[in-house]
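Protein chains in written order, with this note's numbering: chain A, 71 to 411; chain B, 7 to 299.
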Amino acid sequence: MEASATVISGDHSALEGSPLSRLPDRALRYGLTALAVAILLLLLYFFIRLIGESHDALSKFGFSFVFGNDWDVSRNIYHGAALVVGTLITSGIALLIGVPVAVATALFLTEMCPRRARPALAMLVDLLAAVPSVVYGLWGVFVLGPKLQPVEKWFADTFSFIPFIGGGGSSITPGNYFIAGLILAIMILPIVSAISREVLATVPAENKEAALALGATRWEMIRMAVLPYARPGITGGAMLGLGRAIGETIAVVLTIGNAPTIGKHIFDQGYSLAAVIANEFGEAANQPLHKSALFAAGLVLFIITLIVNIIARWFVSRGTRGQRGAGGGAIGAVAVGGAGE
Amino acid sequence: MSTGASPLLPHVSGRRRRTDKIMRGLLAAATVIALIPLVLIIYYLLYKGLKAWSGSFFSTDPNGNFFGDPGGVRSAIFGTLEIVGLATLISIPIGIAVALYLTEYGKDHWFASVVRYFVDVMTGVPSIVFGLFIYIVLVVSHTGGSGFAGWKGALALALLMLPIVIRSAEVVLLLVPNSLREAALALGAPRWRVVWRVVLPTARPGLITGSLLAVARGMGETAPLLFTVSLAFGLTGNLNSQMNTLPVQIFTDITNPRNVIVTRAWGAALTLVALVLILNLVARLIARRSRMA
Numbered sequence: 071m072e073a074s075a076t077v078i079s080g081d082h083s084a085l086e087g088s089p090l091s092r093l094p095d096r097a098l099r100y101g102l103t104a105l106a107v108a109i110l111l112l113l114l115y116f117f118i119r120l121i122g123e124s125h126d127a128l129s130k131f132g133f134s135f136v137f138g139n140d141w142d143v144s145r146n147i148y149h150g151a152a153l154v155v156g157t158l159i160t161s162g163i164a165l166l167i168g169v170p171v172a173v174a175t176a177l178f179l180t181e182m183c184p185r186r187a188r189p190a191l192a193m194l195v196d197l198l199a200a201v202p203s204v205v206y207g208l209w210g211v212f213v214l215g216p217k218l219q220p221v222e223k224w225f226a227d228t229f230s231f232i233p234f235i236g237g238g239g240s241s242i243t244p245g246n247y248f249i250a251g252l253i254l255a256i257m258i259l260p261i262v263s264a265i266s267r268e269v270l271a272t273v274p275a276e277n278k279e280a281a282l283a284l285g286a287t288r289w290e291m292i293r294m295a296v297l298p299y300a301r302p303g304i305t306g307g308a309m310l311g312l313g314r315a316i317g318e319t320i321a322v323v324l325t326i327g328n329a330p331t332i333g334k335h336i337f338d339q340g341y342s343l344a345a346v347i348a349n350e351f352g353e354a355a356n357q358p359l360h361k362s363a364l365f366a367a368g369l370v371l372f373i374i375t376l377i378v379n380i381i382a383r384w385f386v387s388r389g390t391r392g393q394r395g396a397g398g399g400a401i402g403a404v405a406v407g408g409a410g411e
Numbered sequence: 007m008s009t010g011a012s013p014l015l016p017h018v019s020g021r022r023r024r025t026d027k028i029m030r031g032l033l034a035a036a037t038v039i040a041l042i043p044l045v046l047i048i049y050y051l052l053y054k055g056l057k058a059w060s061g062s063f064f065s066t067d068p069n070g071n072f073f074g075d076p077g078g079v080r081s082a083i084f085g086t087l088e089i090v091g092l093a094t095l096i097s098i099p100i101g102i103a104v105a106l107y108l109t110e111y112g113k114d115h116w117f118a119s120v121v122r123y124f125v126d127v128m129t130g131v132p133s134i135v136f137g138l139f140i141y142i143v144l145v146v147s148h149t150g151g152s153g154f155a156g157w158k159g160a161l162a163l164a165l166l167m168l169p170i171v172i173r174s175a176e177v178v179l180l181l182v183p184n185s186l187r188e189a190a191l192a193l194g195a196p197r198w199r200v201v202w203r204v205v206l207p208t209a210r211p212g213l214i215t216g217s218l219l220a221v222a223r224g225m226g227e228t229a230p231l232l233f234t235v236s237l238a239f240g241l242t243g244n245l246n247s248q249m250n251t252l253p254v255q256i257f258t259d260i261t262n263p264r265n266v267i268v269t270r271a272w273g274a275a276l277t278l279v280a281l282v283l284i285l286n287l288v289a290r291l292i293a294r295r296s297r298m299a
């Protein structure tokens, strides 16, 4: 470029270059914008097509598709309450087990762990996210399910007075709500932990030092200075984990037992929205209504995860407010399995 | 801090000290608990998977015979590499381009925020839904002459990888110091040359790291392939046909009653995890080296 020729000619500087030389710049700018628009439109198009494909089932069954409890392929009736309940129970179990462990791990790594061991330990936790879901399923079917069966029996018999836990001690199968939920807990652990770490790192050192200076023990410092500050962000992380748990397919279809009924207790067999799609997809090929019902299950799944994710993102961005781009950074880092570490 | 009565700090009662110890112990225990599944999974993968890794495991295709040798996983490995390779070729350039739009052009413009928001939402979409999308749009209509096809699976994986690439690339591009951009612009370089010659080369290690992690994520996905590629036994380079892939082969092998086939599933799982872990470790090494520089 003729950067040395600083002569002002006309109404713009020579540095600006001729309109022709700015052409590639314009092209790039509009090209990149068009690309972004195209991706959004593509998503919208997919969404509309999915609605179209589920129309048959939704118009035939209406609200009972979600609230009615009768999923019977042989009679061609698709009332999927059992699927929705299964999805909620398994992801609920995943949250109950996964989130406390994940947050405790994040607290240990940020507040207690020796600085030198931190990256290695954080990487190991993140590696849990690298294990493919089909491998979790394989492990759940052949190792976790059978090995935990006697423990579940003992638990169900011992605590048989607690509703939803006791009852079916002798009828417990290797695949059930609890095993699927436990596998999901392991699968969401790295995500929840990574977001929590990211959020905990934003707690100002002054707050922690102030608590310690007032004579708080380390745990009291965590309880009174760290956790209240980080709560919205951790909530958001847990919600993102919930989104993952709801949408997980392969690990669940292998471990939930695939019975289209609402189980009586957490060690009962069940079904989930994602699992039913994966499992019945093959046989539905020649039955349009069945196929449409599976697409409707996909649509319900999509909408539930969308809502959960939107709430989650709101929490995370509130939790890391004030730091420009920190929320996005946390999500970006987590999306790639903790690359931001 | 201890009982030696310091005049400045109030005495810490035994109960408070005990609570502190117990809670710190619980936090440490939780970290150990979190790592137990990783150890167990790797142990069982090695214990059961290595048995399957015999001579012909990597050199034969599954044959579908009801008796005798069920064959190995050659076609699955190549199928995974072909499909993931194509998905990478699609998602990485588009992903980095969108990230460039966000950091270099869109910035705080409202449309950039909209794009950022939907990309975030996209990361939360279950992978099975991407599979359904492609199934509805491309498989049902027999686009390209065949129903299920490798390239359709690659598209589903690309959709899944795209938000990961965009988000990680944006984080990295934001780290490129503005002074570098300004220096280049001050020398009279047009924007596109600044992007091409200054921003992208500076961010290269980070972009590679994010891309590799996205590839690793796509490689392990089963659900989208189930609806787009389906399954085949033989080795094929034809991306317009049904293909075999590691995740789908593992998935179908798990439900098979024959022990040899379940063993093959463990061997294939070990192979898949090894591939994914290698990609992860390489990505992290690149990230670490670039940070030291």
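Ideal Cβ positions, reconstructed from N, Cα and C, are used throughout, including at glycine.
Exposure of residue i, with buried meaning 16 or more beta-carbon neighbours within 10 Å
{"i": "B:VAL45", "result": "exposed"}
{"i": "B:ARG173", "result": "buried"}
{"i": "A:GLY168", "result": "buried"}
{"i": "A:GLY306", "result": "buried"}
{"i": "A:SER144", "result": "exposed"}
{"i": "A:LYS361", "result": "buried"}
{"i": "A:ILE374", "result": "buried"}
{"i": "A:PHE234", "result": "exposed"}
{"i": "B:VAL121", "result": "buried"}
{"i": "B:LYS54", "result": "buried"}
{"i": "B:ASP259", "result": "buried"}
{"i": "B:HIS115", "result": "exposed"}
{"i": "B:ASP75", "result": "exposed"}
{"i": "A:LYS278", "result": "buried"}
{"i": "B:LEU56", "result": "exposed"}
{"i": "A:TYR100", "result": "exposed"}
{"i": "B:TYR49", "result": "exposed"}
Beta bridge counterpart(s) of residue i as assigned by DSSP
{"i": "A:GLY215", "result": "DSSP lists no partner for A:GLY215."}
{"i": "A:TRP141", "result": "A:TYR148"}
{"i": "A:GLY327", "result": "A:GLY340"}
Helix, strand or coil at residue i according to DSSP, with G and I counted as helix
{"i": "A:ASP227", "result": "helix"}
{"i": "A:GLY392", "result": "The predicted model places A:GLY392 with a pLDDT of 48, which falls under 50 and marks its position as unreliable, so this point remains unresolved."}
{"i": "B:ILE260", "result": "helix"}
{"i": "A:HIS360", "result": "helix"}
{"i": "B:GLY300", "result": "The shown model of chain B, from 7 to 299, leaves out residue 300 of chain B, and the question about it has no answer."}
{"i": "B:ALA299", "result": "For B:ALA299, the predicted model reports a pLDDT of 48, less than 50, meaning its position is unreliable and no value from the coordinates is stated."}
{"i": "B:ASP75", "result": "coil"}
{"i": "A:HIS125", "result": "helix"}
{"i": "A:GLY352", "result": "coil"}
{"i": "A:ARG186", "result": "coil"}
{"i": "B:ALA238", "result": "coil"}
{"i": "A:ILE332", "result": "coil"}
{"i": "A:ARG92", "result": "coil"}
{"i": "B:VAL145", "result": "helix"}
{"i": "A:PRO170", "result": "helix"}
{"i": "A:GLU318", "result": "coil"}
{"i": "A:TRP384", "result": "helix"}
{"i": "B:GLY243", "result": "coil"}
{"i": "A:VAL107", "result": "helix"}
{"i": "A:GLY132", "result": "coil"}
{"i": "B:THR269", "result": "helix"}
Contacts around residue i, its chain only, beta-carbon distance under 6 Å, and the 5 residues preceding and following it disregarded
{"i": "B:ILE214", "result": "ILE292"}
{"i": "B:LEU168", "result": "SER97 and GLY101"}
{"i": "B:ASN69", "result": "GLY77"}
{"i": "B:ALA11", "result": "Because the pLDDT at B:ALA11 is just 48, under 50, the model does not fix this residue reliably, and the value given afterwards should be weighed accordingly. If we look at B:ALA11 and ignore the five residues flanking it on each side, it has no Cβ neighbours."}
{"i": "A:ALA295", "result": "ASN277, LYS278 and ALA281"}
{"i": "B:LEU307", "result": "Nothing can be reported for residue 307 of chain B, as the shown portion of chain B is limited to 7 through 299."}
{"i": "A:ILE320", "result": "SER203, VAL204 and GLY207"}
Nonlocal neighbours in the same chain, by C-beta distance under 7 Å from residue i, ignoring five residues either side
{"i": "B:LEU251", "result": "As written in the sequence, residue 251 of chain B is Thr, which differs from the Leu given in the question. Cβ within range, chain order: ALA82, GLY85, THR86, ILE89, LEU231 and VAL235."}
{"i": "B:LEU163", "result": "ILE89, VAL90, ALA93, GLY224, GLU227 and PRO230"}
{"i": "A:GLN219", "result": "ILE242 and PRO244"}
{"i": "A:PHE135", "result": "ALA127, LEU128, TYR148, HIS149, GLY150 and ALA366"}
Residue i: CB within 8 Å of a non-hydrogen atom of the ligand ATP
{"i": "A:ASN246", "result": "Although the ligand ATP was asked about, the structure shown includes no ligands whatsoever."}
Is it true that the stretch 322-338 of chain A meets the stretch 145-158 of chain A, where meeting means three or more beta-carbon pairs spaced less than 8 Å apart? yes
Is the stretch 128-143 of chain B touching the stretch 341-354 of chain A in the sense that three or more CB pairs, one from each, lie closer than 8 Å? yes
Three Cβ pairs or more, each shorter than 8 Å: is that satisfied between the stretch 159-179 of chain A and the stretch 246-261 of chain A? yes
Is there contact between the stretch 235-246 of chain B and the stretch 215-222 of chain B, where contact requires at least three CB pairs shorter than 8 Å? no
Check whether the stretch 252-272 of chain B touches the stretch 179-189 of chain B, taking contact to mean three or more Cβ pairs, one atom from each stretch, closer than 8 Å. no
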